[in-house]
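Reading through the structure tokens given below for one structure.
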Amino acid sequence: MKKDFLIYGILLAVVLILYFLAPKPVNFSTTVSYIIIGLIVLSLVFVFIRTINGHFVGRRIVFLFVGIAVVLPFFMKVSQPIRVSPEVQTVYDSVARLKPGSKVLASFDYDPASAPELQPMAESFFRLCLERNLKIIIMGLWPQGPQQAEMALQIALADSLIVKKNLQRGVDYVNLGFQTGNEFVIQRMGADFRTMFSRDTRGIPYDSIPLLRDVRNFSNIDYSFNLSAGYPGTVEWVQVAVDRYGLKMGTGNTGVQATGMYPYLRAGQLKGLLGGLSGAAEFERATGKIGTATFYMLPQSFSHVVVIAFIIIGNAAFFLGEKRKEEKEKEKKQ
Amino acid sequence: MQIFGIWVAAFLTLGIISFLYKDNPWYKVCESIFVGISAGYWFVTLFFDNILGLFWRGITAPDPNYMLLVGATLGVMMLLRLVPSIGWISRWPLAFVVGATAGFYLINYFSSNVMLQVQSTLMPLLGSRFGQPVFSASLYDTIGNIVIAGGTFTGLVYFFFSKEHKGAFGGAARIGIWTIMITFGASFGYTVMSRMSLLIGRMEFIFGDWLGLIR
Chain A
612 MKKDFLIYGI
622 LLAVVLILYF
632 LAPKPVNFST
642 TVSYIIIGLI
652 VLSLVFVFIR
662 TINGHFVGRR
672 IVFLFVGIAV
682 VLPFFMKVSQ
692 PIRVSPEVQT
702 VYDSVARLKP
712 GSKVLASFDY
722 DPASAPELQP
732 MAESFFRLCL
742 ERNLKIIIMG
752 LWPQGPQQAE
762 MALQIALADS
772 LIVKKNLQRG
782 VDYVNLGFQT
792 GNEFVIQRMG
802 ADFRTMFSRD
812 TRGIPYDSIP
822 LLRDVRNFSN
832 IDYSFNLSAG
842 YPGTVEWVQV
852 AVDRYGLKMG
862 TGNTGVQATG
872 MYPYLRAGQL
882 KGLLGGLSGA
892 AEFERATGKI
902 GTATFYMLPQ
912 SFSHVVVIAF
922 IIIGNAAFFL
932 GEKRKEEKEK
942 EKKQ
Chain B
41 MQIFGIWVAA
51 FLTLGIISFL
61 YKDNPWYKVC
71 ESIFVGISAG
81 YWFVTLFFDN
91 ILGLFWRGIT
101 APDPNYMLLV
111 GATLGVMMLL
121 RLVPSIGWIS
131 RWPLAFVVGA
141 TAGFYLINYF
151 SSNVMLQVQS
161 TLMPLLGSRF
171 GQPVFSASLY
181 DTIGNIVIAG
191 GTFTGLVYFF
201 FSKEHKGAFG
211 GAARIGIWTI
221 MITFGASFGY
231 TVMSRMSLLI
241 GRMEFIFGDW
251 LGLIR
């Protein structure tokens, strides 16, 4: 109990020091950054050697290393090359090929929990669409999706190039909000959007919105982009809107989902895929506007290296443990 | 007010992360707040979207949709489970939901996840599209097609248990299990990336929005 209070006390003291006394913002020089990287590598080697010698590390040490690997790169001046993969390039090309005035449907099927991965994709996608004078229709199958869309839209609208265009809500973009019903919403939209979205988020009737005057169903949509974190999401959109109604669709998924989407991409059911944070960073590179995802990629890479290191250390511990068991059994038999 | 919100969010974030050290009252408080708010949020959202938004507005509209009453009746029947003496009535709407959903999914999954996936696996090994000269294929496509065709075939062999996995058949099954393991590995890598992204998002909030250390 005393030990716990001591740890919480230390944590509180560190936080207060950082809040009131630390210089803001903190930036490590390139040399300091490489020294820190070297120290982390040396610590991992030390842990590996200790493991080989039979001193296994506790799970809290693993958490500590992951925490350090995530936090320190925020302050480092180290750049990382990002290569745009074909599936990300396909999303970019699909949007870039659309004529000005084309209608794009963006479905936001995620909540704040998945925002670190999907929000950068949304911001880049909106910025690209608005730069190219495409008309955006926003909706969501998750309750908080349209709110996430609104946040991304405000960031895209604040871009200096887009501000000059003086875009109007209802004319250049519209947010239809959330509709309950999962894949059945998509099914009904195949016949008529009005049956599911009678008003936009401001309460304006569907028929009074200039952007939606000629939009009856999926046949009036030129490209669709789905941001998905689970069910309902990309799978349902592919099954109903793409395969049944022929909607042309690209998608942005959380990393957990991404591998499950590659078969759809390979089969031509999806026109492009942004998989997880790396997909978001690649899309930022493709659009030429570096944003949050690129900033997050350095901590991401560091943490992956630490995870891989601990997989190796864990395997070493496992095999050594097995070997020691065998040796003990042999000793007992003798 | 915004500063207050940031402090509350930081308090809750650190409370949840404190579980990594060990289970503690701070974590319990944060967990209970999260569960309570989530339940309340879903209740309010579904009430305003389903009951008020779809049902009530639908039947009170100038052109009322009385089919909604059928759905509402099934919904009420579902709630009769709470009355033990007539709880059996709840099985009827449940049967309707299970039947309708199974029918809907059967067609969707068969079309999108079976037929089209099988079709996309049937491809020329040399990578060129049908009707084009064989040597127009790129090496990348050719290797990709061979991996997909070979991986699919050997993966299916692994799940064929009517014959003992020995000899050439056993070798194919072994390649199949390696293919499956590589797929799981790729999936695990993406999952790690996904979970790390969430941690990165929270850490950026703590060190950026709250402590102001990140530019």
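Chains A and B supply the protein sequences, listed in that same order.
Here the first sequence is numbered in our numbering, starting from 612 and rising by one per residue.
Here the second sequence is numbered in our numbering, starting from 41 and rising by one per residue.
For every residue, glycine included, the Cβ atom is placed at its ideal position computed from N, Cα and C.
Would you kindly work out how many angstroms separate the C-alpha atoms of residue i and residue j, rounded to a whole number?
{"i": "R708 of chain A", "j": "G883 of chain A", "result": "13 Å"}
{"i": "M908 of chain A", "j": "E893 of chain A", "result": "10 Å"}
{"i": "Q947 of chain A", "j": "T862 of chain A", "result": "Outside the shown range of chain A, which is 612 to 945, sits residue 947 of chain A, and nothing can be said about it."}
{"i": "Q42 of chain B", "j": "K688 of chain A", "result": "30 Å"}
{"i": "M732 of chain A", "j": "V695 of chain A", "result": "14 Å"}
{"i": "M807 of chain A", "j": "I628 of chain A", "result": "53 Å"}
{"i": "G602 of chain A", "j": "V637 of chain A", "result": "Because residue 602 of chain A is not part of the residues shown, which for chain A are 612 to 945, the question remains open."}
{"i": "V187 of chain B", "j": "V853 of chain A", "result": "27 Å"}
{"i": "H205 of chain B", "j": "F929 of chain A", "result": "28 Å"}
{"i": "M762 of chain A", "j": "Y842 of chain A", "result": "22 Å"}
{"i": "S725 of chain A", "j": "P102 of chain B", "result": "40 Å"}
{"i": "V774 of chain A", "j": "N744 of chain A", "result": "12 Å"}
{"i": "L120 of chain B", "j": "G93 of chain B", "result": "23 Å"}
{"i": "N64 of chain B", "j": "R214 of chain B", "result": "47 Å"}
{"i": "Q730 of chain A", "j": "V232 of chain B", "result": "18 Å"}
{"i": "M163 of chain B", "j": "G886 of chain A", "result": "25 Å"}
{"i": "N777 of chain A", "j": "K746 of chain A", "result": "14 Å"}
{"i": "Y645 of chain A", "j": "L653 of chain A", "result": "12 Å"}
{"i": "T642 of chain A", "j": "S690 of chain A", "result": "13 Å"}
{"i": "Y817 of chain A", "j": "F245 of chain B", "result": "38 Å"}
{"i": "Q798 of chain A", "j": "G127 of chain B", "result": "32 Å"}
{"i": "L179 of chain B", "j": "V158 of chain B", "result": "23 Å"}
{"i": "G241 of chain B", "j": "S227 of chain B", "result": "21 Å"}
{"i": "G216 of chain B", "j": "G620 of chain A", "result": "54 Å"}
{"i": "K203 of chain B", "j": "K943 of chain A", "result": "41 Å"}
{"i": "V625 of chain A", "j": "V84 of chain B", "result": "40 Å"}
Is the beta carbon of residue j closer than 8 Å to that of residue i?
{"i": "L238 of chain B", "j": "P727 of chain A", "result": "yes"}
{"i": "I749 of chain A", "j": "Y784 of chain A", "result": "yes"}
{"i": "I601 of chain A", "j": "A680 of chain A", "result": "The structure shown does not extend to residue 601 of chain A, since chain A is modelled only from 612 through 945, so no value can be given for it."}
{"i": "T845 of chain A", "j": "Y230 of chain B", "result": "no"}
{"i": "P692 of chain A", "j": "P910 of chain A", "result": "no"}
{"i": "G890 of chain A", "j": "V699 of chain A", "result": "yes"}
{"i": "L114 of chain B", "j": "F136 of chain B", "result": "yes"}
{"i": "A878 of chain A", "j": "S160 of chain B", "result": "yes"}
{"i": "N793 of chain A", "j": "L858 of chain A", "result": "no"}
{"i": "G756 of chain A", "j": "F789 of chain A", "result": "yes"}
{"i": "V917 of chain A", "j": "F247 of chain B", "result": "no"}
{"i": "T182 of chain B", "j": "L156 of chain B", "result": "no"}
{"i": "A920 of chain A", "j": "L655 of chain A", "result": "yes"}
{"i": "G55 of chain B", "j": "V75 of chain B", "result": "no"}
{"i": "V677 of chain A", "j": "S914 of chain A", "result": "yes"}
{"i": "Y61 of chain B", "j": "I618 of chain A", "result": "yes"}
{"i": "A767 of chain A", "j": "F737 of chain A", "result": "yes"}
{"i": "F804 of chain A", "j": "R827 of chain A", "result": "yes"}
{"i": "S735 of chain A", "j": "E938 of chain A", "result": "no"}
{"i": "W250 of chain B", "j": "I46 of chain B", "result": "yes"}
{"i": "W132 of chain B", "j": "M117 of chain B", "result": "yes"}
{"i": "P104 of chain B", "j": "G98 of chain B", "result": "yes"}
Give me the Cβ distance between residue i and residue j, rounded to the nearest whole Å; I'm assuming they're in contact under 8 Å.
{"i": "V715 of chain A", "j": "S839 of chain A", "result": "16 Å between Cβ atoms; not a contact."}
{"i": "I220 of chain B", "j": "G195 of chain B", "result": "6 Å"}
{"i": "V782 of chain A", "j": "L739 of chain A", "result": "Not really, about 19 Å apart at Cβ, beyond 8 Å."}
{"i": "V849 of chain A", "j": "Q880 of chain A", "result": "5 Å"}
{"i": "G932 of chain A", "j": "R855 of chain A", "result": "Contact doesn't hold; Cβ gap of about 54 Å is too wide."}
{"i": "L787 of chain A", "j": "D811 of chain A", "result": "5 Å"}
For residue i, is the beta carbon positioned less than 7 Å from some heavy atom of the ligand ZN?
{"i": "I183 of chain B", "result": "Inclusion of the ligand ZN in the displayed structure is not the case, the ligand content being empty and no account of it being possible."}
Please list, in chain order, the residues of the stretch 66-92 of chain B that have any C-beta partner in chain A closer than 7 Å. T85, L86, D89, N90
List in chain order: all unbroken alpha helix (DSSP H) runs of 4+ residues lying wholly within the stretch 168-216 of chain B. 179-198
Inside the stretch 718-797 of chain A only - alpha helix (DSSP H) runs reaching at least 4 residues: 726-742, 756-768, 771-774
Runs of 4 residues minimum, wholly inside the stretch 854-882 of chain A: which ones carry the alpha helix (DSSP H) assignment? 866-877
In the stretch 889-921 of chain A, which residues sit with their C-beta less than 7 Å from some C-beta in chain B, listed in chain order? S889, Y907, P910, Q911, S914, H915, V918
Can you list, in chain order, the stretches of the alpha helix (DSSP H) that have 4 or more residues and sit fully within the stretch 44-127 of chain B? 65-86, 97-100, 107-119
Using a Cβ cut-off of 7 Å, which residues of the stretch 865-877 of chain A contact any Cβ in chain B, in chain order? T865, G866, V867, A869, T870, P874, R877
Within 7 Å of chain B by C-beta, residues of the stretch 828-857 of chain A in sequence order: V849, Q850, V851, D854
Could you please tell me which residues of the stretch 612-633 of chain A, in chain order, have their CB closer than 9 Å to any CB of chain B? D615, I618, Y619, L622, V626, L629, Y630, A633
What are the residues of the stretch 129-154 of chain B that lie near chain A, defined by any Cβ-Cβ distance shorter than 8 Å? F144, N148, Y149, S151, S152, N153
Scan the stretch 182-210 of chain B for residues whose Cβ lies nearer than 8 Å to a Cβ of chain A and list them as they occur along the chain. I188
Interface positions of the stretch 763-788 of chain A facing chain B (Cβ-Cβ less than 7 Å), listed along the chain: none
Every unbroken beta strand (DSSP E) inside the stretch 802-863 of chain A [3 residues or more]: 834-839
Using a Cβ cut-off of 8 Å, which residues of the stretch 635-658 of chain A contact any Cβ in chain B, in chain order? K635, P636, V637, N638
Any residues in the stretch 226-243 of chain B with a beta carbon nearer than 7 Å to a beta carbon of chain A? Which ones, in chain order? A226, S227, Y230, T231, V232, M233, S234, M236, S237, L238, L239, I240, G241, M243
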